[in-house]
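Structure first, then comments.
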Amino acid sequence: MSQMVDNGRDLLHRDRAFDFSAQQRAWLQFKESMRRDRTFDFMVKAKDLELDVSHGPILYIEDLNVSFDGFKAIDHLNFYVDAGELRCVIGANGAGKTTMMDIITGKTRPDSGSVYFGQKIDLLRLTEPEIAEIGIGRKFQKPTVFEHHTVFENLELAMAADKRVFPTLLARLTAAQRERIDEVLETIGLTEHARREAGSLSHGQKQWLEIGMLLMQDPLLLLVDEPVAGMTHQEMDRTAELLLSLQGKHSVVVVEHDMDFVRSIARRVTVLHQGSVLAEGSMDQVQNDPRVVEVYLGE
Amino acid sequence: MLGLLLAVAVVVPVLNLAVPEGHPLHVSTYTVTLLGKYLTYALLAVAVDLVWGYLGILSLGHGAFFALGGYAMGMYLMRQIGDRGVYGDPVLPDFMVFLDWQALPWFWHGFDMFWLAALMVVLVPGALAFVFGWLAFRSRVTGVYLSIITQALTYALMLAFFRNEMGFGGNNGLTDFKDMLGFNLQADSTRVGLFVASAVALALGYLACRWIVTSKLGRVAVAIRDAEARTRFIGYRVDRVKVAIWTFSAMLAGIAGALYVPQVGIINPGEFSPLNSIELVVWVAVGGRATLYGAVIGAIVVNYGKTYFTGAFPEAWLFALGGLFVLVTLFLPQGIAGLFRQLKRRRSGAAAQSAAA
Ligand SMILES: Nc1ncnc2c1ncn2[C@@H]1O[C@H](COP(=O)(O)OP(=O)(O)OP(=O)(O)O)[C@@H](O)[C@H]1O
Ligand SMILES: [Mg+2]
Chain C
833 MSQMVDNGRD
843 LLHRDRAFDF
853 SAQQRAWLQF
863 KESMRRDRTF
873 DFMVKAKDLE
883 LDVSHGPILY
893 IEDLNVSFDG
903 FKAIDHLNFY
913 VDAGELRCVI
923 GANGAGKTTM
933 MDIITGKTRP
943 DSGSVYFGQK
953 IDLLRLTEPE
963 IAEIGIGRKF
973 QKPTVFEHHT
983 VFENLELAMA
993 ADKRVFPTLL
1003 ARLTAAQRER
1013 IDEVLETIGL
1023 TEHARREAGS
1033 LSHGQKQWLE
1043 IGMLLMQDPL
1053 LLLVDEPVAG
1063 MTHQEMDRTA
1073 ELLLSLQGKH
1083 SVVVVEHDMD
1093 FVRSIARRVT
1103 VLHQGSVLAE
1113 GSMDQVQNDP
1123 RVVEVYLGE
Chain A
428 MLGLLLAVAV
438 VVPVLNLAVP
448 EGHPLHVSTY
458 TVTLLGKYLT
468 YALLAVAVDL
478 VWGYLGILSL
488 GHGAFFALGG
498 YAMGMYLMRQ
508 IGDRGVYGDP
518 VLPDFMVFLD
528 WQALPWFWHG
538 FDMFWLAALM
548 VVLVPGALAF
558 VFGWLAFRSR
568 VTGVYLSIIT
578 QALTYALMLA
588 FFRNEMGFGG
598 NNGLTDFKDM
608 LGFNLQADST
618 RVGLFVASAV
628 ALALGYLACR
638 WIVTSKLGRV
648 AVAIRDAEAR
658 TRFIGYRVDR
668 VKVAIWTFSA
678 MLAGIAGALY
688 VPQVGIINPG
698 EFSPLNSIEL
708 VVWVAVGGRA
718 TLYGAVIGAI
728 VVNYGKTYFT
738 GAFPEAWLFA
748 LGGLFVLVTL
758 FLPQGIAGLF
768 RQLKRRRSGA
778 AAQSAAA
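Protein chains in written order, with this note's numbering: chain C, 833 to 1131; chain A, 428 to 784.
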């Protein structure tokens, strides 16, 4: 546990931990100060927007509910992820794993509940790009890369940078950025395919490219939805190695159905069932939990 | 592409001014003006291709921005008439005297100054596009719905401009222009000057768009076109990118309209007609989307066809246009530009084969 907290401090003191531009910070503060429930404190202090993981968790989900046409996809969900942790989430089809990621990244608005990044940043008040900017990156279940861009360009677009309109118009790749892209290309094994259109890649290669885009974003928290679907065993091993190398400096949440894969990377496993947490613990604990055996592993 | 444009911009004026009439190589002033008009259409088409080809916004209302630019220029030209109008009022344009108005409406003030009119040519379409885009893109209106509200926009403006009370000459619009910056609009040299100005505007507009689409912002635009939600999740503010490019495109359309009006000598609410906006999407489709030069080719080819057709079989034009659109979508999904690319590829393929043999 104390090691986790140390990692949290690490995150806080990394110099890029919060490189909002002054303008963006002012805008977010303004937005925050316009909240109806805060009408009276005109200026929200800048540190409210700083990632505070001093209590351990980097992600707090509390009493979260969302339903689609009366169907409760997320049902009183409580879920915490420690800073620097690598967490695996498993659960049957339709358990609500993807929906949970949709809510964290701003794609779906919940009916009630709270989602905080660190102790102070309320994710439910931010838009998708703002959430991406404060350091949450996502790999989608169905790989979605930019099909008409080359592999290289996909990585360039994802790269952590000033993503406002005019800086983007004037952006030129620096030598360091080029090097970083080459490095990631090497990591994801697509160096020879750098100039190929992403649309012509195989399914497995697209998975890798998405992982590469996630790395380029250099987020603090990575949400990885079914990374090894469609991969060969060797590729799976490489993915496992990659994800393991990320923990500590980054916090990672991995959703995966492949049990062998989960076993190979998991410290802590959370089992989702019908939109709430059924069990949580080490792989062995979870696997021997009778409720889990009943609804999931025992099938 | 630019070389060709430059050559045309030099050769046509020379053939008009230096080659005597009656000589087989002489280009009549009528033709110069016609070509000048095509060039302004080409600039409009480039503006549409920027948002449609690269950003995925199918605008069916770009005719409105073109017409607004045209009206801003028309107002300047009206004020230049001075007391040479039919009623001889030194300040009020004829149609206002006819409506028995006593004073110039406030929004006509200052339009006797060219610089202000020129500013309005870009500011008015730009401001409208900005407000429209800000509302539409922030509420994430996309696809067919967006296309429909752009049609509604141009249709509403058409109805408004038809009304006499609006103060833009009602259904007659603005016409009977005399001169511009002191040059007689009927003079051959002025016509040639406007033609050259259109060519220069097209070249600069083309270069500006090319600069945008080859920048990182251009790659973001294509990303938005292909996978809008994904672009948001990697941290781009999609609505702002759209508003920025959309507004720029509307300004280009305004400039095209402003160059169009002195060459055709009239601007009326018909320019806001929804059909116009649809037609110009066809130009881009025929020329080939997302190439920019395809838009130029499409605008010129289709309008040349239109000039020919409306002369030969006036009733058939709309059918011909519709037929052309269907044929292109079926057989040339990437337009004329796509055909060029295919031929080039085939030739280089054949060359590679013969080299191997
Ligand atoms: N936008 C939506 N509209 C309606 N129903 C939805 C929507 N998104 C998800 N659902 C439903 O919510 C439930 C949870 O879906 P979710 O995608 O979160 O499951 P999952 O755990 O990711 O499953 P899988 O393992 O199949 O990916 C499913 O029954 C799904 O049909
Ligand atoms: Mg899922």
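Built from N, CA and C at the ideal position, the CB exists for glycine as well.
Within-7 Å CB hit, residue i to chain A
| i | result |
| --- | --- |
| L1104(C) | no |
| L1001(C) | yes |
| K952(C) | no |
| V1127(C) | no |
| H980(C) | yes |
| A924(C) | no |
| R941(C) | no |
| T1006(C) | no |
| K1081(C) | no |
| L989(C) | yes |
| P961(C) | yes |
| V997(C) | yes |
| A1061(C) | no |
Short Cβ contact (7 Å threshold) for residue i with residue j
| i | j | result |
| --- | --- | --- |
| P517(A) | M505(A) | no |
| W479(A) | G560(A) | no |
| V1118(C) | V1094(C) | no |
| F736(A) | A726(A) | no |
| L471(A) | I705(A) | no |
| L896(C) | P942(C) | yes |
| Y481(A) | V708(A) | no |
| F589(A) | N598(A) | yes |
| I1097(C) | L1075(C) | yes |
| D884(C) | Q973(C) | no |
C-beta neighbour in chain C for residue i, strict 7 Å
| i | result |
| --- | --- |
| A491(A) | no |
| A712(A) | no |
| K669(A) | no |
| G662(A) | yes |
| S642(A) | yes |
| R847(A) | Outside the modelled stretch of chain A, which goes from 428 to 784, sits residue 847(A), for which no answer is possible. |
| D653(A) | yes |
| R646(A) | yes |
| A677(A) | no |
| A556(A) | no |
| A764(A) | no |
| A650(A) | yes |
C-alpha gap between residue i and residue j, whole angstroms
| i | j | result |
| --- | --- | --- |
| F874(C) | V1016(C) | In this predicted model, F874(C) has a pLDDT of only 39, less than 50, meaning its place in the structure is not dependable enough to derive any value. |
| P689(A) | G714(A) | 26 Å |
| K995(C) | V454(A) | 51 Å |
| L956(C) | D1057(C) | 20 Å |
| Y468(A) | G684(A) | 8 Å |
| P999(C) | A677(A) | 22 Å |
| L757(A) | A712(A) | 11 Å |
| G594(A) | L526(A) | 10 Å |
| P701(A) | A743(A) | 19 Å |
| S775(A) | L759(A) | 20 Å |
| F872(C) | D914(C) | Note on F872(C): pLDDT 39, under 50, position unreliable in the model; the coordinate value appears next. Straight-line Cα distance between these residues: approximately 33 Å. |
| L495(A) | R667(A) | 23 Å |
| K879(C) | I575(A) | Low confidence applies here, because K879(C) scores a pLDDT of 42, under 50, leaving its location unreliable; read the following figure in that light. Taking the straight line from one Cα to the other gives about 45 Å. |
| T617(A) | A630(A) | 20 Å |
Enclosing alpha helix (DSSP H) for residue i [first to last residue]
| i | result |
| --- | --- |
| S1096(C) | M1091 to I1097 |
| H981(C) | Taken as a continuous stretch (DSSP letters only), H981(C) belongs to no alpha helix (DSSP H), as it is neither H nor E. |
Boundaries (first-last residue) of the beta strand (DSSP E) holding residue i
| i | result |
| --- | --- |
| P889(C) | P889 to F900 |
| V568(A) | First-last for V568(A): undefined, no H or E at that position. |
| A1111(C) | S1108 to G1113 |
| N910(C) | F903 to D914 |
| V1084(C) | S1083 to V1087 |
| H536(A) | Neither: H536(A) is in no beta strand (DSSP E) and is coded neither H nor E. |
ask   = Counting pairs of Cβ atoms below 8 Å between the stretch 484 to 504 of chain A and the stretch 548 to 555 of chain A, do you hit three or more?
value = With a cut-off of 8 Å, the stretch 548 to 555 of chain A and the stretch 484 to 504 of chain A count as touching, because enough Cβ pairs lie within range.
query = Does the stretch 1016 to 1034 of chain C come within contact of the stretch 965 to 985 of chain C, defined as at least 3 CB pairs closer than 8 Å?
reply = yes
ask   = Does the stretch 948 to 968 of chain C come within contact of the stretch 1001 to 1016 of chain C, defined as at least 3 CB pairs closer than 8 Å?
value = no
task = Determine, using beta-carbon pairs with one atom in the stretch 657 to 667 of chain A and one in the stretch 628 to 644 of chain A, whether at least three such pairs fall under 8 Å.
result = no
ask   = Using 8 Å as the threshold, is the stretch 1099 to 1114 of chain C in touch with the stretch 429 to 438 of chain A, meaning 3 or more CB pairs across them?
value = With the cut-off at 8 Å, the stretch 1099 to 1114 of chain C and the stretch 429 to 438 of chain A do not touch.
request  = Would you check if there are 3 or more beta carbon pairs closer than 8 Å linking the stretch 650 to 658 of chain A to the stretch 578 to 585 of chain A?
outcome  = Per the Cβ contact rule, the stretch 650 to 658 of chain A is not in contact with the stretch 578 to 585 of chain A (fewer than 3 Cβ pairs under 8 Å).
task = Mind the definition here: the stretch 939 to 957 of chain C touches the stretch 1029 to 1044 of chain C only if three or more C-beta pairs lie below 8 Å; say whether that holds.
result = no
inquiry  = For the structure I just gave you, are there three or more beta carbon pairs, one from the stretch 894 to 902 of chain C and one from the stretch 1045 to 1061 of chain C, closer than 8 Å?
reply    = No: the two stretches stay apart, fewer than three of their Cβ pairs being nearer than 8 Å.
Cβ contact check for the stretch 621 to 629 of chain A and the stretch 919 to 937 of chain C: 3 or more pairs under 8 Å = no
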